[in-house]
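Letter by letter, the sequence shown follows residues 27 to 85 in the working numbering.
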Amino acid sequence: MPHAKKGKFAKVKCKDCSNEQIVFLHAATMVKCEICGATIAKPAGGKAEIRGEIVEIVG
Ligand SMILES: [Zn+2]
């Protein structure tokens, strides 16, 4: 099994409108899609729970 890439940010695709935006993976607050307002990440005690599709890990 390949090692997961470690990073602090991920490009996440919104499930609702396919907008892609950069999300901090340890977000302490809800992150909403800039376009449609859907929740794409929510804090989960440390690492945020990503609701959309992670396109790539950045940074
Ligand atoms: Zn959206």
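Using N, Cα and C, we set each Cβ at its ideal position, and we do this for glycine too. No experiment lies behind these values; they were computed from the predicted model shown.
Helix, strand or coil at isoleucine 48 according to DSSP, with G and I counted as helix
strand
beta-carbon alanine 36 near ligand 1 non-hydrogen atom, thresh 8 Å
no
Taking 6 Å as the limit between beta carbons, can you name the residues of its chain near alanine 67, skipping five residues before and five after?
Val49, Ala53, Val57, Ala74 and Ile76
Residues of its chain near glycine 106, where Cβ-Cβ distance is below 7 Å and the 5 sequence neighbours each way are ignored
It is not possible to answer for residue 106, since the shown part of the chain is limited to 27 through 85.
Taking the continuous beta strand (DSSP E) assigned at glutamate 60, which residues delimit it?
From DSSP, glutamate 60 is part of no beta strand (DSSP E); its letter is neither H nor E.
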